[in-house]
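Below: one structure, written as structure tokens.
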Amino acid sequence: MLMLAIVSVSACGTKDDDETVSGTRHDVRHVPRQTVIDRRPTFLTRCTARTKQVKHTSTSGSGAKKKTRTWYTTEPYQDCDKVQRGTEPYVRVTQAERWCVQLDDVNGDTGRDQVWYEVSSAVYQRAAGTEVGSKMTLLPLRSGC
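Residue 222 in the working numbering sits at position 51 of the sequence shown, and the numbers go up by one each step.
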């Protein structure tokens, strides 16, 4: 017995690569970047000079006359670790900058009106320079805005 399963997956707000859309320009919207000044911990590297005993050996001779000489030396090294010392201010982006274009009659379908697409700033500038109701073909980054 042969069983066939058909699965359909649909994701809202996604598109295929290099898929252009066309329609008549309805509106444009620029959503500016929003930031806040936040604080994050500051770390300093703290090092301590330390010493360690190192064992050295050398051998001479062979067979029954083989002698091994052992000696120790004290060698300095630094033991370092990062320690939090206060905080520092930084600019945190809470909302990324977006450029959006709204189209009517998307891909010739008169029932698909007022559909928003997020686009690059260059496409937004081109759309902002055209009049409302003029035909446009654009490559959106994603649908929705």
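Just so it is clear, CB atoms sit at the ideal spot from N, CA and C, and this is done for glycine as well.
- Under the Cβ criterion (8 Å, minimum of three pairs), the stretch 266 to 281 does not count as touching the stretch 217 to 231.
- Under the 8 Å Cβ criterion, the stretch 292 to 308 does not count as touching the stretch 227 to 241, having fewer than three qualifying pairs.
- Asp198 is a Cβ neighbour of Gln273, given a cutoff of 7 Å.
- Within the same chain, and ignoring the five residues on either side of Arg269 in sequence, the residues whose Cβ sits closer than 7 Å to its Cβ are Val202, Glu289, Cys316.
- Thr308 and Arg200 have their C-alpha atoms roughly 17 Å apart.
- Rounded to whole angstroms, the separation of the alpha carbons of Arg217 and Glu259 is 18 Å.
- Counting only runs that start and end inside the stretch 217 to 268, the beta strand (DSSP E) elements of at least 3 residues fall at 238 to 266.
- Contact check for Thr222 and Pro247: beta-carbon distance about 5 Å, within the 8 Å limit, so the pair qualifies.
- Scanning its chain for C-beta atoms nearer than 8 Å, with the 5 sequence neighbours on each side dropped, one finds around Thr244 the residues Gln224, Val225, His227, in chain order.
- Listed in chain order, the non-local C-beta contacts of Thr206 below 8 Å within the same chain comprise Val262, Arg263, Val264, Thr265, local neighbours out to five positions each way being set aside.
- In this structure, Val294 keeps its C-beta atom at 7 Å or more from the C-beta atom of Gly194.
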